[in-house]
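According to the working numbering, the sequence shown is numbered sequentially starting from 1. Structure first, then comments.
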Amino acid sequence: MRENLRSGTYTVDKYLKGQKPRTLDMLFWNNDSTNLPGPMYCWYLRHTYLQNDLKSGQLECCGVRLDLRNIKAPTYLLGTQDDHIVPWRSAYSTSNLVSGRVRFVLGASGHIAGVINPPAQNKRHYWTNEQTPVDPDTWMDSAEKKPGSWWNDWFAWLTHHAGEQRPAVEQSGNGEYRVLEPAPGRYVRG
1 MRENLRSGTY TVDKYLKGQK PRTLDMLFWN NDSTNLPGPM YCWYLRHTYL
51 QNDLKSGQLE CCGVRLDLRN IKAPTYLLGT QDDHIVPWRS AYSTSNLVSG
101 RVRFVLGASG HIAGVINPPA QNKRHYWTNE QTPVDPDTWM DSAEKKPGSW
151 WNDWFAWLTH HAGEQRPAVE QSGNGEYRVL EPAPGRYVRG
């Protein structure tokens, strides 16, 4: 994010000056927390971060072992250049964990501004490479820098991998699955 939009300005305005902070669409995304129960969160951190069981194929959930090598479907992976939560080289390593064809794209900026980059604004740039070598730096050395939003690349990839288009279902539910409640549902309404 731009320096004048970082949390320091937000904190000064809100806590030191007593002002209502500006509404920033990108910071609103930060408020969408996971809201996981404590034991589930601890289990998740222990098995996916500390022990890294998912990477090694040792993660078991409800009696089912999860092995990323069993993913044979085409996979689109995105990393962002300045992401401090998931460094792009770590994101890239996923390309070596699945069995299907992988397209890795590196967006400019960090974990929020790099992802939220609508094409209409024509901001930033991204890198692509048709090859996925094991080493991320080797990937970057031969990657092509492209102007604009990575969303256009993703749309083209989705279009290529999509099946035949069908008309949208006009009515939800059927004899086997009833409608639980009107959209958007309790989760969205809070």
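Heads up, the beta-carbon is just placed ideally off N, CA and C, and yes, glycines get one too. In this text the structure is predicted, and so the values were computed from the model without any measurement.
In angstroms, rounded to a whole number, what distance separates the CA positions of residue i and residue j?
{"i": "Trp127", "j": "Thr9", "result": "31 Å"}
{"i": "Trp88", "j": "Gly148", "result": "19 Å"}
{"i": "Asn174", "j": "Pro184", "result": "18 Å"}
{"i": "Arg110", "j": "Asp153", "result": "Checking the sequence shown, residue 110 turns out to be Gly, not Arg. Looking at the two C-alpha atoms, the distance is approximately 18 Å."}
{"i": "Trp151", "j": "Gly114", "result": "10 Å"}
{"i": "Arg178", "j": "Arg186", "result": "16 Å"}
{"i": "Trp139", "j": "Ser93", "result": "11 Å"}
{"i": "Gly57", "j": "Tyr49", "result": "13 Å"}
{"i": "Lys20", "j": "Lys14", "result": "6 Å"}
{"i": "Asp192", "j": "Pro182", "result": "In the structure displayed, the chain extends from 1 to 190; residue 192 sits before or after that span and is not available."}
{"i": "Pro118", "j": "Ile112", "result": "12 Å"}
{"i": "Cys62", "j": "Ala143", "result": "40 Å"}
{"i": "Thr11", "j": "Gln121", "result": "28 Å"}
{"i": "Pro39", "j": "Gly18", "result": "36 Å"}
{"i": "Lys145", "j": "Leu180", "result": "47 Å"}
{"i": "His47", "j": "Leu59", "result": "7 Å"}
{"i": "Asp82", "j": "Ser90", "result": "12 Å"}
{"i": "Glu130", "j": "Phe155", "result": "16 Å"}
{"i": "Glu164", "j": "Asn96", "result": "30 Å"}
{"i": "Trp43", "j": "Leu16", "result": "38 Å"}
{"i": "Ile85", "j": "Arg166", "result": "38 Å"}
{"i": "Tyr41", "j": "Val188", "result": "21 Å"}
{"i": "Lys72", "j": "Thr159", "result": "19 Å"}
{"i": "Asn35", "j": "Asp135", "result": "35 Å"}
{"i": "Gly107", "j": "Ile116", "result": "10 Å"}
{"i": "Val64", "j": "Thr23", "result": "43 Å"}
{"i": "Asn52", "j": "Asp141", "result": "28 Å"}
{"i": "His37", "j": "Ala162", "result": "Correcting the residue type first, residue 37 is Pro in the shown sequence and not His. Going from the Cα of Pro37 to the Cα of Ala162 covers about 36 Å."}
Could you check how far apart the C-beta atoms of residue i and residue j are, in whole angstroms? I think they sit under 8 Å.
{"i": "Gly100", "j": "Thr75", "result": "6 Å"}
{"i": "Arg103", "j": "Trp157", "result": "6 Å"}
{"i": "Leu45", "j": "Leu54", "result": "No, Leu45 and Leu54 are not in contact; Cβ-Cβ is about 12 Å, not under 8 Å."}
{"i": "Leu192", "j": "Val105", "result": "With the chain represented from 1 up to 190, any question about residue 192 goes unanswered, as that position is not in the structure."}
Going by DSSP, what residues sit across from residue i in a beta bridge?
{"i": "Lys145", "result": "Trp127"}
{"i": "Cys62", "result": "Bridge partners of Cys62: none, in fact."}
{"i": "Leu78", "result": "Val105"}
Is there contact here, the stretch 170-178 with the stretch 115-130, by at least three beta-carbon pairs under 8 Å? no
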